[in-house]
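K.L.:
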Amino acid sequence: MADPKTDYAEPAYAQHQDKSKVPYYRSNLDDRISPDLKELLETYSQIPRDQQSAHIHRIRDLAWAIRQYPCTGSGGWLKPQLRQLPIYPEILTRAKEGATIIDIGTFVGHDLRRLVYDGASSEHLWGIDIVSHWDVSYELFNDRSRWKGHFLEADFLTAASSDAFAPLRANTDVIVISQVLHQWVWAQQVRGATALVALTKPGSLVVGNQMGKPDAGEVVPAGFTVPLYVQSPESFAKLWEEVGAATSTRWETQCWLRTWDHIGVDSKESAFMGPDVGILEFVARRTD
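Numbered per the numbering used here, the sequence shown spans residues -16 to 271.
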């Protein structure tokens, strides 16, 4: 029987949080506005640099009003995280060649905009999230009239059965899924990764990042009421072995443990996540 405390599509801690009572809300995000983002907003979005701080803080307030995710409060979404992955050149090459790329948990679609800025067409890019931040996304990047990609408000756990995912089933080249799977314990992470398989085909990639540490195990970060399973490179490989066995597919994984600073988040401010917890960057490649 499912445990409602750990078996959920969306975590309760992302809803109805008082920003003054959580450890991950920063009132000032100026030091999170990276050179990459300044360039993107100035060149792609036509927002002058002297207006960017006010623009970003206004956007964050709009996003926080929708859902109170830790990355929203801390400004972790301000750094284009996909571009940090060692495999990004391959992803960008595929995107330029017209590959179908979906970003699950896309939030405001920062990584998708970075792909476009780096030379990809937006026509084959999909942003998927369980709750829509699309209007906020368009305001952030000032591209409502130019964006030719797709946004889908849906629960990816229904990917194998929902009509909303029909165009993507067995047809997706790259799945980006950052800061999503780690919201669950082990069994639900297996369930989530298994749901992704329905969208893939031989040669597909599943890439992204999430919390990680050298020794895998459950943690309950400060301010949370539910446990999360934090993966290590070894446990992540075992997860995809289990998923492969359940779906008659084969997967090879690569992982890199990073500090929080690697994605633009102060490690000291992330201490509430628990000791030794950092970031796990990953690639799972379907090889059958």
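All C-beta atoms, glycine included, are put in the ideal place defined by N, C-alpha and C.
1) By a C-beta neighbour count over all protein chains shown, 10 Å radius and 16 as the cutoff for buried, is Met(-16) buried or exposed?
2) Would you identify the three-state DSSP class for Tyr133, choosing helix, strand or coil?
3) What do you reckon, are the CB atoms on His165 and Val213 nearer than 8 Å?
4) Using 8 Å as the threshold, is the C-beta distance between His38 and Ile30 below it?
5) On a CA-only basis, which of His93, Asp198, Ser128 and Thr83 is nearest Glu106? Give me that one, please.
6) Work out the CA separation of Asn11 and Lys184 for me, nearest whole Å.
7) Leaving aside the five residues before and after Thr89 along the sequence, list all residues of the same chain whose C-beta is less than 7 Å from its C-beta, in chain order.
8) Does the separation of the CB atoms of Pro63 and His93 fall below 8 Å?
9) How many whole angstroms separate the CB atoms of Glu201 and Leu211, which I take to be in contact at a CB cut-off of 8 Å?
10) Hey, Thr270 and Ala229: beta-carbon distance below 8 Å or not?
11) Let me check understanding here. Comparing Cα to Cα, which of Pro258, Phe134 and Leu140 lies closest to Asp198?
12) Determine the DSSP secondary structure at Phe90, reduced to helix, strand or coil.
13) Flag this pair as yes or no: are the beta carbons of Leu65 and Arg97 separated by less than 8 Å?
14) Assuming Gln193 and Leu140 make a contact with CB atoms under 8 Å, what is their CB distance in whole Å?
15) So, helix, strand or coil for Leu179, using DSSP?
16) What runs of the alpha helix (DSSP H), each 4 residues or longer, lie entirely inside the stretch 179 to 232?
17) Output needed for Val5: all residues of its chain with C-beta closer than 7 Å, excluding positions within five of it in sequence on either side, in chain order.
18) Given Asp101, which residues of its chain have a CB within under 7 Å of its CB, disregarding the five upstream and five downstream residues?
19) For Arg129, count neighbouring Cβ atoms within 10 angstroms of its own Cβ and tell me buried if that reaches 16, exposed if not.
20) Does DSSP put Val99 in a helix, in a strand, or in coil?
21) Would you call the CB atoms of Val226 and Val173 closer than 8 Å?
22) Please state the DSSP three-state secondary structure of Met(-16).
23) Taking just the CA atoms, how far does Gln34 sit from Ile160?
24) With distance defined between alpha-carbon atoms, name the residue in Ser187, Val209 and Gln237 nearest to Lys221.
25) Jot down the residue ranges of each uninterrupted alpha helix (DSSP H) in the stretch 25 to 67, minimum 4 residues, whole runs only, in chain order.
26) Using DSSP bridges, identify the partner residues of Trp234.
P.N.:
By the coordinates alone:
1) The residue you call residue -16 lines up with position 1 of the sequence shown. Note on Met(-16): pLDDT 49, under 50, position unreliable in the model; no value is reported.
2) In the sequence shown, residue 133 corresponds to position 150, counting from 1. As written in the sequence, residue 133 is His, which differs from the Tyr given in the question. Note: His133 maps to strand in three-state DSSP.
3) For this step, residue 165 is matched to residue 182 along the sequence shown. For this step, residue 213 is matched to residue 230 along the sequence shown. Yes. Within cutoff.
4) On the sequence shown, position 55 is the one that residue 38 refers to. On the sequence shown, position 47 is the one that residue 30 refers to. Yes.
5) Here the question's residue 106 lines up with position 123 in the sequence shown. For Glu106, the nearest C-alpha among the options comes from Thr83.
6) The residue labelled residue 184 in the question sits at position 201 within the sequence shown. The residue labelled residue 11 in the question sits at position 28 within the sequence shown. Approximately 43 Å between the Cα atoms of the pair.
7) Residue mapping note: residue 89 aligns to position 106 of the sequence shown, counting from 1. The residues are Leu95, Gly110, Ile111 and Asp112.
8) Here residue 63 corresponds to residue number 80 of the sequence shown, with the count starting at 1. Here residue 93 corresponds to residue number 110 of the sequence shown, with the count starting at 1. Result yes, Cβ atoms of Pro63 and His93 sit closer than 8 Å.
9) Looking up residue 201 in the sequence shown gives position 218. Looking up residue 211 in the sequence shown gives position 228. Indeed, because the Cβ distance is near 7 Å, the residues count as touching under 8 Å.
10) Indexing the sequence shown from 1 puts residue 270 at position 287. Indexing the sequence shown from 1 puts residue 229 at position 246. Contact flag unset, no.
11) Taking the sequence shown and counting its residues from 1, one reaches residue 198 at position 215. Closest by alpha carbon: Pro258.
12) Position 107 of the sequence shown, counted from the first residue, corresponds to residue 90. When secondary structure is reduced to three states using DSSP, Phe90 falls in the coil class, being assigned neither helix nor strand.
13) Position 82 of the sequence shown, counted from the first residue, corresponds to residue 65. Position 114 of the sequence shown, counted from the first residue, corresponds to residue 97. The Cβ atoms of Leu65 and Arg97 lie closer than 8 Å to each other.
14) For the purposes of this step, residue 193 is taken as the residue at position 210 of the sequence shown. For the purposes of this step, residue 140 is taken as the residue at position 157 of the sequence shown. Contact doesn't hold; Cβ gap of about 16 Å is too wide.
15) One-based indexing of the sequence shown puts residue 179 at position 196. Leu179: helix per DSSP, three-state reduction.
16) Counting whole runs of 4 or more residues, the stretch 179 to 232 contains the alpha helix (DSSP H) stretches 216 to 230.
17) As a first step, residue 5 must be located in the sequence shown, where it is residue number 22. If we look at Val5 and ignore the five residues flanking it on each side, its Cβ neighbours are Gly56 and Gly206.
18) The residue you call residue 101 lines up with position 118 of the sequence shown. Around Asp101: Leu75.
19) Start at 1 with the first residue of the sequence shown, and residue 129 comes out as number 146. Taking every protein chain shown into account, the CB of Arg129 has fewer than 16 other CB atoms within 10 angstroms, so this residue is exposed.
20) Taking the first residue of the sequence shown as position 1, residue 99 is located at position 116. Under the three-state reduction of DSSP, Val99 is assigned to helix.
21) Translated into positions along the sequence shown, residue 226 becomes position 243. Translated into positions along the sequence shown, residue 173 becomes position 190. Between Val226 and Val173, the gap from beta carbon to beta carbon is short of 8 Å.
22) As a first step, residue -16 is located in the sequence shown; it is residue number 1 there, counting from the start. In this prediction, Met(-16) scores a pLDDT of 49, lower than 50, which makes its location untrustworthy; no coordinate-derived value is stated.
23) Taking the first residue of the sequence shown as position 1, residue 160 is located at position 177. Taking the first residue of the sequence shown as position 1, residue 34 is located at position 51. Each residue's alpha carbon lies about 31 Å from the other.
24) The residue labelled residue 221 in the question sits at position 238 within the sequence shown. If we check each option's Cα against that of Lys221, Gln237 comes out closest.
25) Along the stretch 25 to 67, the alpha helix (DSSP H) occurs as fully enclosed runs of 4 or more residues at 32 to 49 and 53 to 57, listed in sequence order.
26) Within the sequence shown, residue 234 is the residue found at index 251, counting from 1. Its beta-bridge partners are Arg269.
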